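Number of protein chains: 2
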Amino acid sequence: MTVKIALLGFGTVASGVPYLLKENKIKIEQAAKSEIEIAKVLVKDDEEKNRLLADGHEYNFVTSIDEILTDTDVEIVVELMGRIEPAKTFITRALEAGKHVVTANKDLLAVHGADLLAIAQKHQVALYYEAAVAGGIPILRTLANSFTSDKITRMLGVLNGTSNFMMTKMVEEGWSYQAALAKAQELGYAESDPTNDVDGIDAAYKAVILSQFGFGMTINFEDVVHRGIRDVTTDDVVLAQELGYVIKLVASIEETASGLAAEVSPTFLPKHHPLASVNGVMNAVFVESIGIGESMFYGPGAGQKPTATSVVADLIRISRRLNDKTVGKSFNEFSRPAQLAKAEDIKSDYYFSIQTPDQPGQILRLAEIFNAQQISFKQILQSQANGQTARIVIVTHAMNKKQLDNVSKDLKAVADFEIHNILRVLGE
Amino acid sequence: MTVKIALLGFGTVASGVPYLLKENKIKIEQAAKSEIEIAKVLVKDDEEKNRLLADGHEYNFVTSIDEILTDTDVEIVVELMGRIEPAKTFITRALEAGKHVVTANKDLLAVHGADLLAIAQKHQVALYYEAAVAGGIPILRTLANSFTSDKITRMLGVLNGTSNFMMTKMVEEGWSYQAALAKAQELGYAESDPTNDVDGIDAAYKAVILSQFGFGMTINFEDVVHRGIRDVTTDDVVLAQELGYVIKLVASIEETASGLAAEVSPTFLPKHHPLASVNGVMNAVFVESIGIGESMFYGPGAGQKPTATSVVADLIRISRRLNDKTVGKSFNEFSRPAQLAKAEDIKSDYYFSIQTPDQPGQILRLAEIFNAQQISFKQILQSQANGQTARIVIVTHAMNKKQLDNVSKDLKAVADFEIHNILRVLGE
């Protein structure tokens with residue numbers, strides 16, 4: 001048997017698909033119970049088509065989506081164009097035409113996933129997207145298949161390779177944010193406009209998808225509080241190290257008594273935490289659950305072959321289900337009403353870096369402000385006293401978001417204090 | 001709908017199963033598409049039955065396997081007794097009676113797995129055993145479901161929690177082997193006869209199962225070269241650290257040009273390798289593949305709840321497949337003829353710790369012996385010279401097993417050299 005597929009787009013990731021289908025042909029056909037054949041490839045225009053043909057790519061390149069949608073031989077459409085449009089329209093039309101869809105498009109899924117899944121459900125077709133979160137790490141299928149028996153209480157993820165590469169350079173080699181960004185751009189990890197990566201937007205998209213698979217809750221992108229690494233200074237990095245931590249951009253999704261709390265923020269991780277040694281462009285998802293306890297899934301977050309591996313795994317799964325006549329099930333079947341946590345239930349330790357006058361009694365003044373909000377200190381460090389100003393660094397015990405707001409306001413109200421930074425701290 | 005199951009044995013792990021079925025009832029039923037009900041529990045005798053009833057366990061305890069096998073309402077049998085017999089007979093009879101079986105019994109699967117799988121196949125029933133390797137880590141299902149598109153070239157596993165706990169104490173706290181063993185026994189991690197753990201037998205069982213899932217090859221237990229941590233000394237540990245490594249018991253399964261090479265041995269891991277920070281009783285499987293590249297799966301290797309989580313995930317999967325009418329497929333469908341590697345294709349770097357006379361020219365003598373086998377040095381360290389003897393430590397570049405045999409023989413033939421230890425080294 002042969003399953004015919006069509007690729008939408010033939011960029012870096014897309015060209016990894018034929019690589020795997022060829023290199024791993026026997027195993028893939030054994031698993032898929034079918035041969036998987038690339039029947040058509042959609043490209044932008046004749047110019048791209050001619051360039052690819054000239055480069056020796058021997059595919060049936062087409063320039064109109066209709067040539068794919070009206071082709072009843074094509075059973076699966078693989079969208080690898082990225083961004084919202086025209087991907088959204090093409091996927092919608094493919095699902096409506098009764099075609100199964102595989103995509104790696106996290107932006108689209110995070111923002112329009114619920115709508116697209118409803119369309120897929122209505123037409124009894126599959127919409128799979130293993131590659132959308134943490135590229136090569138098979139985390140979504142693992143959550144959907146293996147964590148069925150377990151109840152997840154918290155997920156922590158290093159989900160953005162670009163910012164993790166930058167933080168690794170800042171932590172391990174003392175680079176500045178600007179130097180790290182320049183290097184990431186030079187290596188092609190960061191785009192010329194790095195906003196999505198460095199401001200935590202990309203990681204927040206992935207947190208939306210992880211919330212569905214890990215907690216059965218469909219939350220909105222806007223529900224994920226996100227803050228990137230832009231204002232993490234080399235000072236913060238050095239102070240973190242002195243206190244026994246490394247800073248990484250971490251997505252945290254946690255179920256509290258009142259509901260789900262999802263946040264992306266630069267976070268102090270204890271040096272011995274498994275996530276602390278996830279370096280460079282690697283990603284990892286750390287899962288806390290009532291059954292397994294602690295587990296971690298580590299691998300490349302992006303790249304041609306890792307992403308293509310996840311895409312082809314989805315193709316195989318759909319092909320098998322076509323064979324078993326069980327196709328059309330949701331990728332993720334865990335579903336509960338979404339409920340967001342109240343501010344007073346979202347708790348964390350925090351790091352405060354505060355500039356004070358270099359005079360006696362500053363720690364006492366700070367202690368009074370924190371004490372008024374019933375926040376206690378875990379670690380305190382005074383440094384960089386120059387006669388005029390001093391730096392006082394505090395790591396607190398857990399406080400909730402209300403306490404955090406209050407104490408931040410109270411600190412800002414003191415004229416001769418200057419808050420350099422406030423960052424989340426993962427407790428030991 | 002309700003799926004009725006029977007537990008064989010009601011020890012620590014078995015009692016984790018009802019915990020999860022209760023604590024996670026809604027999610028489990030949503031995933032299983034059925035309620036899962038423990039209909040019968042097999043215990044040894046009336047004494048155990050009465051003790052469990054007195055402890056408040058309200059199950060239908062039976063003392064004869066026949067009461068389960070002849071009960072047509074029982075669809076799935078969960079074997080959690082461990083060891084070979086009577087588990088083997090009970091599982092065989094259950095499969096022959098048309099019942100699906102879930103087990104965590106790695107010893108049994110490593111030695112008799114092929115036979116049992118053939119029986120399951122013949123009777124078109126499921127035999128699942130996610131819990132058999134790395135307890136709580138969903139590694140087998142991940143290999144079977146997500147690595148379908150990828151080709152694995154090497155797997156490295158920290159698979160035995162007991163010996164990893166011991167090595168962690170030896171590496172991080174400088175404990176002796178004996179002190180670490182005594183502590184492991186005190187904490188209940190090691191049995192009074194620790195052979196299976198410390199001699200690498202348990203890890204070798206798991207390597208047999210991983211070979212099936214990762215490489216599609218059914219090899220024999222005897223094909224896994226295994227050596228435990230018994231003769232790793234504190235000297236080796238300290239020298240490893242000086243050279244930039246940590247020592248762990250590592251299972252390595254690698255596909256060479258001529259076939260599969262599987263080995264369990266204490267191994268030097270570069271300090272920055274992700275496996276190097278897998279400490280205490282935690283397990284991890286590090287996978288190298290042509291698609292994903294490098295990935296790692298980390299979690300608890302044993303324990304009541306982690307193991308029960310894997311068992312219940314298997315129960316859910318079978319229950320779903322009963323619902324879909326697709327039950328009876330092999331847990332692992334990847335299968336190729338088994339082929340073992342030739343000695344000359346099995347290559348690794350090695351650590352040699354050699355005692356020589358404390359006289360000039362010893363390094364030259366050693367260099368000549370290694371050079372005769374065309375083995376080159378990567379690192380060399382001379383220490384502990386006391387006027388009479390000196391310790392010379394060498395880390396080599398890659399050599400094959402033939403070269404290793406030859407150089408070991410040549411070194412032994414030199415009367416005033418004494419080999420303290422030879423250990424595998426994972427190259428950077």
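Those protein sequence lines, which keep their order, are chains A and B.
The first sequence stops at residue 428 when you use full-length UniProt numbering, and every number in between is there.
The second sequence stops at residue 428 when you use full-length UniProt numbering, and every number in between is there.
Glycine is no exception: its CB is placed at the ideal position from the N, C-alpha and C atoms.
All of these numbers come straight from a predicted model, not from anything done at the bench.
Other residues of its chain near residue i: CB distance less than 6 Å, five sequence neighbours each side excluded
i        : result
A/Glu344 : Asn400, Lys402
B/Ala251 : Gly157, Leu159, Ala203, Ala207, Val264
A/Leu292 : In the sequence under discussion, the amino acid at residue 292 of chain A is Ile, which differs from the Leu named in the question. Correct list, in chain order: Asp150.
A/Thr103 : Glu79, Tyr129
Residue i and residue j closer than 7 Å at C-beta
i                      : j        : result
B/Val43                : B/Thr307 : no
A/Phe331               : A/Tyr128 : yes
B/Ile209               : B/Val312 : no
A/Ile91                : A/Val78  : no
A/Arg320               : A/Lys33  : yes
B/Ser113               : B/Met155 : One detail in the question is off: residue 113 of chain B reads as Gly in this sequence, not Ser. Not a contact, by the Cβ cut-off of 7 Å.
A/Gly216               : A/Phe334 : yes
B/Gln388               : B/Asp358 : yes
B/Gly161               : B/Gly301 : yes
residue 435 of chain A : A/Leu275 : Outside the shown range of chain A, which is 1 to 428, sits residue 435 of chain A, and nothing can be said about it.
residue 444 of chain A : A/Ser310 : With chain A running from 1 to 428 in the structure shown, residue 444 of chain A is simply not present.
B/Ile68                : B/Val287 : no
B/Ile38                : B/Ile5   : yes
B/Ala179               : B/Met166 : no
A/Val425               : A/Tyr351 : yes
B/His420               : B/Ser353 : yes
B/Ala110               : B/Phe221 : yes
B/Tyr245               : B/Pro270 : yes
B/Ala338               : B/Ala261 : no
B/Thr142               : A/Pro194 : no
A/Ile253               : A/Ser289 : no
B/Leu95                : B/Ile119 : yes
A/Gly56                : A/Gln304 : no
B/Thr326               : A/Asp324 : yes
Sequence-distant residues of the same chain with beta carbon closer than 7 Å to residue i, five excluded per side
i        : result
B/Lys378 : Asp349, Val395, Thr396, His397
B/Ala257 : Asp345
B/Lys412 : Ile419
B/Lys106 : Ala132, Val133, Tyr205, Lys206, Ile209
Listed by chain order, chain D residues near residue i by CB distance under 7 Å
i        : result
B/Gly293 : Although the question refers to chain D, the structure presented lacks it and instead comprises the protein chains A and B.
Contact set for residue i: own chain, Cβ-Cβ below 8 Å, skip 5 residues either direction
i        : result
A/Val278 : Val158, Asn164, Lys248, Ala284, Tyr298
A/Phe370 : Ser376, Phe377, Ile394, Thr396, Val407
B/Met81  : Leu8, Gly9, Gly11, Ala87, Phe90, Asn105
Contact test: residue i Cβ vs the ligand HEM heavy atom, cutoff 6 Å
i       : result
B/Asp45 : Annotation note on the ligand HEM: not contained in the displayed structure, which lists no ligands.
Are at least three pairs of beta-carbons, each pair with one atom in the segment 220-235 of chain A and one in the segment 296-307 of chain A, less than 8 Å apart?
With a cut-off of 8 Å, the segment 296-307 of chain A and the segment 220-235 of chain A do not count as touching, because too few Cβ pairs lie within range.
Inspect the CB distances between the segment 167-175 of chain A and the segment 47-59 of chain B and report whether three or more fall short of 8 Å.
These segments do not touch.
If we count Cβ pairs, one from each stretch, closer than 8 Å, do we get three or more for the segment 53-61 of chain A versus the segment 81-95 of chain A?
Counting Cβ pairs under 8 Å, fewer than three are found: no touch.
Members of the segment 133-154 of chain A near chain B, C-beta cut-off 7 Å
Result list: Gly136, Ile137, Pro138, Arg141, Thr142, Asn145, Ser146, Thr148, Ser149, Asp150, Lys151.
Residues in the segment 48-78 of chain A with C-beta within 8 Å of chain B's C-beta atoms, listed in sequence order?
Near chain B, meaning a CB-to-CB distance below 8 Å, no residue of the segment 48-78 of chain A qualifies.
Between the segment 5-19 of chain A and chain B, which residues of the former have a C-beta closer than 7 Å to a C-beta of the latter?
Among the residues of the segment 5-19 of chain A, none has a Cβ less than 7 Å away from any Cβ of chain B.
Counting pairs of Cβ atoms below 8 Å between the segment 117-127 of chain B and the segment 180-187 of chain B, do you hit three or more?
Contact fails: fewer than three Cβ-Cβ distances are below 8 Å.
Is the number of C-beta pairs between the segment 17-29 of chain A and the segment 136-152 of chain B that are closer than 8 Å three or more?
Yes, the segment 17-29 of chain A touches the segment 136-152 of chain B.
For the segment 255-331 of chain A, list the beta strand (DSSP E) runs that are entirely contained and at least 3 residues long, ordered along the chain.
Counting whole runs of 3 or more residues, the segment 255-331 of chain A contains the beta strand (DSSP E) stretches 260-270, 282-289, 294-300.
At what residue ranges does the segment 19-97 of chain A contain a whole run of the beta strand (DSSP E), taking only runs of 3 or more?
Fully contained in the segment 19-97 of chain A are the following beta strand (DSSP E) runs of length 3 or more, in chain order: 35-42, 74-79.
Any chance you could list the beta strand (DSSP E) runs of at least 3 consecutive residues sitting entirely within the segment 107-162 of chain B, in chain order?
Within the segment 107-162 of chain B, the runs of beta strand (DSSP E) at least 3 residues long that lie entirely inside it are, in chain order, 152-158.
Please list, in chain order, the residues of the segment 262-293 of chain A that have any C-beta partner in chain B closer than 9 Å.
Listed by position, the residues of the segment 262-293 of chain A near chain B (Cβ gap below 9 Å) are His272, Pro274, Ala276, Ser277, Val278, Asn279, Met282, Ala284, Phe286, Val287, Ser289, Ile290, Gly291, Ile292, Gly293.
Taking the runs of the alpha helix (DSSP H) that are 4 residues or longer, which of them lie wholly in the segment 212-263 of chain A?
Taken in chain order, the unbroken stretches of alpha helix (DSSP H) that lie wholly in the segment 212-263 of chain A and span 4 residues or more are 234-243.
In chain order, what residues of the segment 21-49 of chain B put their CB closer than 7 Å to some CB of chain A?
Of all residues in the segment 21-49 of chain B, Glu23, Asn24, Lys27, Ile28, Gln30, Ala31 have a Cβ within less than 7 Å of some Cβ in chain A.
Runs of 3 residues minimum, wholly inside the UniProt domain "ACT" (351-427) of chain A: which ones carry the beta strand (DSSP E) assignment?
Qualifying beta strand (DSSP E) stretches, in chain order: 377-383, 389-396, 418-425.
Which residues of the segment 305-325 of chain A have a Cβ closer than 7 Å to any Cβ of chain B? Give them in chain order.
For the segment 305-325 of chain A, which is checked against every Cβ of chain B, the residues closer than 7 Å are Lys305, Pro306, Ala308, Thr309, Val312, Ala313, Ile316, Asp324.
Could you run through the segment 324-356 of chain B and flag, in chain order, every residue whose CB is less than 7 Å away from some CB of chain A?
Those would be Asp324, Thr326, Glu333, Phe334, in chain order.
Just by C-beta distance, which residues in the segment 159-192 of chain A are closer than 9 Å to chain B?
Those residues of the segment 159-192 of chain A placed with their C-beta closer than 9 Å to a C-beta in chain B do not exist.
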